[in-house]
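This note's numbering puts the last residue of the sequence shown at 1876; the count rises by one with no breaks. From the three backbone atoms N, C-alpha and C, an ideal C-beta is built for every residue, glycine too.
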Amino acid sequence: MSQPDLISYAGGWEGYRVAKTTTIGTGKEKELQIELVPLPQQSLQCPTCGGRCIRVHETTTRIIRDLPILDARTKLLVHRRRFRCPQCGPVLEALSWLGKYARVTNRLADSVAKLCNVLSIKHVANFFCLSWDQVKEIDKRSLTERVGSVDLSDIDIIGMDEFALQKGHRYATVIVEPHRRQVLYVAKGRGRESIRPFFDDLGLDGCSQLKAVVMDMNGAFEEEVKARCPQAAIVYDLFHVVAKYSREVISRVRNAEANRLKDDKKARKVIQTSRWLLLRNSRNVRGDDMLRLQELLDANKPLFTVYVLKDELKQLWRFKCREEAELFWEHWFSKAISSKIPQLVLFAQRLQGYIQGILNHCLWPLHTGILEGINNKIKVIKRVAYGYRDHDYFFLKIRAAFPGIPG
Ligand SMILES: [Zn+2]
């Protein structure tokens, strides 16, 4: 095999052969240019109607990037043909390895998209010597193909949650099928109107099939759900209730304790530096940290109380039997009230108003981690991306991260 034949064979450019190879530059700047010309073909097929074309209408040379060959950046000079189809007029020849108006080969696009799952656009662009915009467009196209359209039939439970688009002031909403772990819908905003198009897509039949909707008790979604699917049970998930407890009870009691101890610098310091310890899941605190936590709680009775009651509150989501759960709640509620810790009393009284939605969990025992998992994954996607300005792209990333497990 001669050298160009070997390269043609290894290159996999179906329908083409190598006419010439040129190496430009050295070291990191080394670039390989491969000129590709069409193999003489017997039939010229129209990609639109499948019919036979009579002749080549015109040939233009395009510069296409391919995967690097060994250490050399690789550019292809492709003689691209346009046929004349008797039915359709001039048509661009379809190639198995190159998209219609693509500037990179399909396999380079695939590699870019794969790397974009774990690296930032900037890193991928640097790696392949492509521009930031090129990498983004390649990834966006690949994501669009991968996620496709969502099948909304046979959905009886959904979970909904909001997340920050930009630090704290712009929000978006995500709707998920928890059993399949599939993101069904992502949209800007966090009000009633942001989820309205989802229910429109679901249709009247789909809405009437819905049995339960899991959400945060603070959200504006409840009214829309009640209006569109009055039969669906509203379920409040553990993740949001515990997060609210951490914010409204633990953090506030900690601040109050720190204020109370403002004359005792040492004790105050211990409390001020304890935020992480107190908010962490107790199962994840070990060794010296466990000792620190113990000392902190021993010295601060209100902190100890709210800390213990947080762990107890979580137990509420373990019950399968609604009556037992209700008893457990009454017990927890009376402990909270009799603690006389103002922040805890207020929280318990407010939560009482939402208790039906919490007890509904017994009927619809979903894996409570699902909304938390999605919430965390969204944060990771956002961190890798260093803030997406293109929201459609960001939403595609979220959907691709939760494509659903086939049932
Ligand atoms: Zn045709």
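- Annotation: Leu-1832 to Arg-1716 spans about 28 angstroms, alpha carbon to alpha carbon.
- For Gly-1756, the enclosing alpha helix (DSSP H) covers residues 1756–1768.
- Scanning Lys-1779, Arg-1524, Gly-1842 and Pro-1834 for the CA closest to the CA of Arg-1550 turns up Arg-1524.
- For Val-1560, the CB falls within less than 7 angstroms of some heavy atom of ligand 1.
- If you draw a straight line from the Cα of Tyr-1654 to the Cα of Phe-1802, it comes to about 36 angstroms.
- Taking 7 angstroms as the cut-off, one finds at least one heavy atom of ligand 1 near enough to the beta carbon of Thr-1517.
- Counted as a single uninterrupted DSSP element, the alpha helix (DSSP H) harbouring Cys-1585 occupies residues 1575–1585.
- Shortest gap from the CB of Cys-1557 to any heavy atom of ligand 1: under 7 angstroms.
- Closest in C-alpha terms to Met-1684, from the list Tyr-1714, Leu-1707, Pro-1509 and Glu-1504, comes Leu-1707.
- Between the alpha carbons of Val-1593 and Val-1604 lies a gap of roughly 7 angstroms.
- Within the chosen limit of 7 angstroms, ligand 1 reaches the beta carbon of Gly-1520 through at least one heavy atom.
- The count of Cβ pairs closer than 8 angstroms, one atom from the segment 1659–1672 and one from the segment 1822–1832, stays below three, leaving the stretches out of contact.
- Taking every protein chain shown into account, the CB of Glu-1646 has 16 or more other CB atoms within 10 angstroms, so this residue is buried.
- Assigned with DSSP and collapsed to three states, Glu-1717 falls in helix.
- The DSSP assignment places 1485–1493 and 1500–1507 as complete runs of the beta strand (DSSP E) inside the segment 1475–1529, in order along the chain (cut-off: 3 residues).
- Each of Tyr-1478, Ala-1563, His-1860 and Gly-1480 was checked against the Cα of Thr-1517, and the nearest Cα belongs to Ala-1563.
- Taking every protein chain shown into account, the CB of Leu-1508 has fewer than 16 other CB atoms within 10 angstroms, so this residue is exposed.
- Thr-1613: member of the alpha helix (DSSP H) spanning 1601–1616, first to last residue.
- For Ala-1563, there is no enclosing alpha helix (DSSP H), as DSSP marks it with neither H nor E.
- Straight through space, the alpha carbons of Thr-1613 and Phe-1864 are spaced by roughly 10 angstroms.
- Relative to ligand 1, Cys-1554 has its C-beta within less than 7 angstroms of a heavy atom.
- The DSSP-derived three-state label of Gly-1568 is coil.
- By the CB criterion at 8 angstroms, Val-1616 and Arg-1868 fall inside the cutoff.
- In the three-state DSSP reduction, Tyr-1823 falls in the coil class, being neither helix nor strand.
- The residues Thr-1492, Ile-1538, Ala-1541 and Thr-1543, in chain order, have a CB closer than 6 angstroms to that of Leu-1501 in the same chain once the five nearest residues on each side in sequence are set aside.
- The residue from Leu-1762, Asp-1630, Ala-1488 and Ala-1681 with its alpha-carbon nearest to that of Trp-1745 is Leu-1762.
- For Asp-1630, the enclosing beta strand (DSSP E) has its first and last residue at 1626–1635.
- Listed in chain order, the non-local C-beta contacts of Arg-1721 below 8 angstroms within the same chain comprise Gln-1812, local neighbours out to five positions each way being set aside.
- Note that the C-beta distance between Gln-1818 and Phe-1797 is not below 8 angstroms.
- Between the alpha carbons of Val-1587 and Ser-1808 lies a gap of roughly 48 angstroms.
- Judged by pairs of C-beta atoms under 8 angstroms, the segment 1571–1591 does not touch the segment 1619–1627, as fewer than three such pairs exist.
- Gln-1556: not part of any alpha helix (DSSP H); DSSP gives it neither H nor E.
- Scanning Val-1711, Lys-1851 and Ile-1532 for the CA closest to the CA of Asn-1750 turns up Val-1711.
- The beta carbon of Asn-1844 sits closer than 7 angstroms to the beta carbons of Asp-1630 and Phe-1632 from its chain, once the five residues preceding and following it are set aside; these are given in chain order.
- DSSP, reduced to helix, strand and coil, places Leu-1653 within a strand of the structure shown.
- Classified as exposed, Val-1849 has fewer than 16 neighbouring CB atoms from the shown chains inside 10 Å of its CB.
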